[in-house]
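Residue numbers (our numbering): -9 to 169. Here's the structure, in C-alpha coordinates; my notes come after.
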(Lines of atoms letter the chains of each structure in order from A and count residues from 1; the text may use other names and numbers.)
(Lines give C-alpha, C1' and ligand atoms only; values in the text may rest on other atoms or scores of the structure.)
Protein backbone atom coordinates (compact mmCIF):
# COMPACT_ATOMS: atom_id res chain seq x y z
CA UNK A 1 0.00 0.00 0.00
CA UNK A 2 0.99 3.66 -0.20
CA UNK A 3 0.85 4.37 3.56
CA UNK A 4 4.41 5.46 4.22
CA UNK A 5 4.23 4.92 7.99
CA UNK A 6 3.58 1.21 7.34
CA UNK A 7 7.03 0.98 5.80
CA UNK A 8 8.64 1.08 9.25
CA UNK A 9 7.38 -2.43 9.96
CA UNK A 10 8.12 -3.53 6.39
CA UNK A 11 11.70 -2.26 6.71
CA UNK A 12 12.09 -4.17 9.97
CA UNK A 13 11.07 -7.42 8.25
CA UNK A 14 13.19 -6.62 5.19
CA UNK A 15 16.30 -6.07 7.31
CA UNK A 16 15.79 -9.40 9.08
CA UNK A 17 15.50 -11.23 5.73
CA UNK A 18 18.47 -9.44 4.16
CA UNK A 19 20.63 -10.07 7.24
CA UNK A 20 19.88 -13.78 6.98
CA UNK A 21 21.49 -13.84 3.52
CA UNK A 22 25.11 -13.67 2.40
CA UNK A 23 24.96 -10.50 0.29
CA UNK A 24 27.73 -8.38 -1.20
CA UNK A 25 25.61 -5.23 -0.97
CA UNK A 26 22.10 -3.78 -0.83
CA UNK A 27 20.99 -0.77 -2.85
CA UNK A 28 17.89 1.32 -2.30
CA UNK A 29 16.64 2.78 -5.59
CA UNK A 30 15.19 6.05 -4.36
CA UNK A 31 12.26 7.75 -2.66
CA UNK A 32 13.21 6.95 0.91
CA UNK A 33 11.03 9.98 1.69
CA UNK A 34 7.29 10.11 1.04
CA UNK A 35 5.29 12.75 -0.76
CA UNK A 36 4.69 16.02 1.04
CA UNK A 37 2.73 19.21 0.48
CA UNK A 38 3.92 21.42 3.30
CA UNK A 39 6.88 22.03 5.56
CA UNK A 40 5.23 20.05 8.37
CA UNK A 41 4.63 17.08 6.04
CA UNK A 42 8.25 17.33 4.85
CA UNK A 43 9.40 17.31 8.48
CA UNK A 44 7.23 14.24 9.11
CA UNK A 45 8.79 12.54 6.06
CA UNK A 46 12.30 13.38 7.25
CA UNK A 47 11.51 12.01 10.70
CA UNK A 48 10.23 8.84 9.05
CA UNK A 49 13.41 8.74 6.91
CA UNK A 50 15.52 8.84 10.08
CA UNK A 51 13.42 6.07 11.60
CA UNK A 52 13.66 3.99 8.41
CA UNK A 53 17.39 4.50 8.29
CA UNK A 54 18.28 4.21 11.97
CA UNK A 55 15.40 2.10 13.24
CA UNK A 56 14.80 4.41 16.21
CA UNK A 57 11.14 3.61 16.79
CA UNK A 58 10.13 1.16 19.49
CA UNK A 59 7.36 -1.24 18.47
CA UNK A 60 4.83 -1.57 21.30
CA UNK A 61 3.14 -4.46 19.46
CA UNK A 62 6.38 -6.46 19.59
CA UNK A 63 7.43 -6.40 23.27
CA UNK A 64 8.79 -2.89 22.91
CA UNK A 65 11.65 -4.01 20.65
CA UNK A 66 13.34 -1.42 18.46
CA UNK A 67 12.46 -1.69 14.78
CA UNK A 68 15.48 -2.34 12.58
CA UNK A 69 16.40 0.32 10.04
CA UNK A 70 18.31 0.35 6.75
CA UNK A 71 21.54 1.13 8.60
CA UNK A 72 21.12 -2.19 10.48
CA UNK A 73 21.71 -4.19 7.31
CA UNK A 74 24.96 -6.11 7.81
CA UNK A 75 26.52 -5.55 4.40
CA UNK A 76 27.52 -2.61 2.21
CA UNK A 77 24.57 -0.24 1.75
CA UNK A 78 24.01 2.27 -1.06
CA UNK A 79 21.34 4.80 -2.03
CA UNK A 80 20.08 6.11 -5.35
CA UNK A 81 18.39 9.47 -4.89
CA UNK A 82 14.77 9.78 -6.03
CA UNK A 83 12.54 12.69 -6.87
CA UNK A 84 10.78 12.70 -3.48
CA UNK A 85 14.13 12.74 -1.70
CA UNK A 86 15.22 15.78 -3.71
CA UNK A 87 11.94 17.66 -3.48
CA UNK A 88 11.67 17.48 0.31
CA UNK A 89 15.26 18.64 0.85
CA UNK A 90 15.32 21.19 -1.97
CA UNK A 91 12.11 22.89 -0.87
CA UNK A 92 12.59 22.78 2.91
CA UNK A 93 16.24 22.10 3.73
CA UNK A 94 19.29 21.95 1.46
CA UNK A 95 20.81 19.64 -1.11
CA UNK A 96 24.02 19.56 0.94
CA UNK A 97 21.97 18.22 3.87
CA UNK A 98 20.46 15.59 1.53
CA UNK A 99 23.90 14.35 0.48
CA UNK A 100 25.03 14.30 4.11
CA UNK A 101 21.97 12.40 5.37
CA UNK A 102 22.35 9.78 2.64
CA UNK A 103 26.09 9.41 3.23
CA UNK A 104 27.05 10.79 -0.18
CA UNK A 105 30.12 12.83 -0.99
CA UNK A 106 28.60 16.14 -2.18
CA UNK A 107 26.92 14.61 -5.24
CA UNK A 108 24.34 11.97 -5.96
CA UNK A 109 26.29 10.02 -8.56
CA UNK A 110 29.14 7.66 -7.79
CA UNK A 111 30.66 4.24 -8.45
CA UNK A 112 31.20 1.37 -6.09
CA UNK A 113 32.65 -2.09 -6.03
CA UNK A 114 31.93 -3.87 -2.75
CA UNK A 115 34.40 -6.67 -3.48
CA UNK A 116 38.07 -6.37 -4.31
CA UNK A 117 38.92 -7.76 -7.73
CA UNK A 118 35.28 -7.82 -8.77
CA UNK A 119 34.51 -8.19 -12.47
CA UNK A 120 31.75 -5.60 -11.99
CA UNK A 121 31.75 -1.85 -11.77
CA UNK A 122 28.52 -0.45 -10.34
CA UNK A 123 27.58 3.06 -11.41
CA UNK A 124 24.88 5.12 -9.69
CA UNK A 125 23.39 7.99 -11.69
CA UNK A 126 21.70 11.02 -10.19
CA UNK A 127 18.65 11.33 -12.43
CA UNK A 128 17.12 14.22 -10.47
CA UNK A 129 20.14 16.42 -9.86
CA UNK A 130 18.95 18.88 -12.49
CA UNK A 131 15.23 18.20 -12.68
CA UNK A 132 15.25 15.00 -14.77
CA UNK A 133 18.29 15.99 -16.81
CA UNK A 134 21.65 14.30 -16.49
CA UNK A 135 24.05 17.24 -16.29
CA UNK A 136 26.87 17.73 -18.76
CA UNK A 137 29.34 17.26 -15.88
CA UNK A 138 27.71 13.97 -14.86
CA UNK A 139 27.65 12.74 -18.49
CA UNK A 140 31.38 13.46 -18.86
CA UNK A 141 32.02 11.66 -15.59
CA UNK A 142 29.89 8.71 -16.79
CA UNK A 143 31.80 8.48 -20.09
CA UNK A 144 35.08 8.48 -18.17
CA UNK A 145 33.82 5.75 -15.82
CA UNK A 146 32.62 3.64 -18.76
CA UNK A 147 35.97 4.05 -20.53
CA UNK A 148 37.77 3.10 -17.32
CA UNK A 149 35.59 0.00 -16.94
CA UNK A 150 36.35 -0.99 -20.52
CA UNK A 151 40.09 -0.52 -19.96
CA UNK A 152 39.85 -2.66 -16.80
CA UNK A 153 37.76 -5.30 -18.59
CA UNK A 154 34.87 -4.84 -16.14
CA UNK A 155 31.18 -5.37 -16.67
CA UNK A 156 29.04 -2.34 -15.82
CA UNK A 157 25.74 -2.31 -13.99
CA UNK A 158 24.02 1.06 -13.99
CA UNK A 159 21.53 2.19 -11.33
CA UNK A 160 19.15 5.12 -11.76
CA UNK A 161 15.91 6.12 -10.07
CA UNK A 162 14.41 6.71 -13.50
CA UNK A 163 14.63 4.18 -16.30
CA UNK A 164 16.79 5.22 -19.22
CA UNK A 165 16.32 2.51 -21.80
CA UNK A 166 14.27 1.25 -23.53
CA UNK A 167 12.14 4.27 -24.31
CA UNK A 168 9.02 4.15 -22.14
CA UNK A 169 6.41 6.61 -20.91
CA UNK A 170 7.85 6.46 -17.36
CA UNK A 171 11.44 7.17 -18.41
CA UNK A 172 11.51 10.84 -17.59
CA UNK A 173 15.15 11.63 -18.15
CA UNK A 174 14.79 14.39 -20.69
CA UNK A 175 18.20 13.97 -22.31
CA UNK A 176 18.55 10.18 -22.35
CA UNK A 177 19.81 10.26 -25.97
CA UNK A 178 23.08 11.74 -24.68
CA UNK A 179 23.56 8.78 -22.37
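Note that the Cβ used here is the ideal one computed from N, Cα and C, for glycine as well.
Pull the bridge partners of residue i from the DSSP assignment, please.
i: residue 184; result: For the chain, the structure presents residues -9 to 169; residue 184 sits outside this window and is missing.
i: residue 148; result: 113
Please classify residue i: is it buried, with 16 or more other beta-carbons within 10 angstroms of its beta-carbon, or exposed?
i: residue 111; result: buried
i: residue 133; result: exposed
i: residue 7; result: exposed
i: residue 151; result: buried
i: residue 78; result: buried
i: residue 93; result: exposed
i: residue 84; result: exposed
i: residue 117; result: buried
Is residue i helix, strand or coil by DSSP?
i: residue 113; result: strand
i: residue 100; result: strand
i: residue 9; result: helix
i: residue 143; result: coil
i: residue 30; result: helix
i: residue 42; result: helix
i: residue 83; result: coil
i: residue 125; result: coil
i: residue 130; result: helix
i: residue 60; result: helix
i: residue 89; result: helix
i: residue 108; result: coil
i: residue 75; result: helix
i: residue 136; result: helix
i: residue -2; result: helix
Given residue i, which residues of its chain have a CB within under 6 Å of its CB, disregarding the five upstream and five downstream residues?
i: residue 34; result: none
i: residue 5; result: 58, 62, 63
i: residue 115; result: 99, 150
i: residue 148; result: 113
i: residue 96; result: 89
i: residue 39; result: 22, 23
i: residue 69; result: 18, 92
Taking 8 Å as the limit between beta carbons, can you name the residues of its chain near residue i, skipping five residues before and five after?
i: residue 179; result: Missing from the structure shown is residue 179; the chain here goes from -9 to 169 and no further.
Spatial neighbours of residue i within its chain, please: CB distance less than 7 Å, with the 5 preceding and 5 following residues excluded, ordered by chain position.
i: residue 144; result: 109, 110, 111
i: residue 136; result: 146
i: residue 65; result: 13, 14, 15, 16
* Flag this pair as touching only if the region 8 to 19 and the region 97 to 105 have three or more C-beta atom pairs under 8 Å; answer yes or no. => yes
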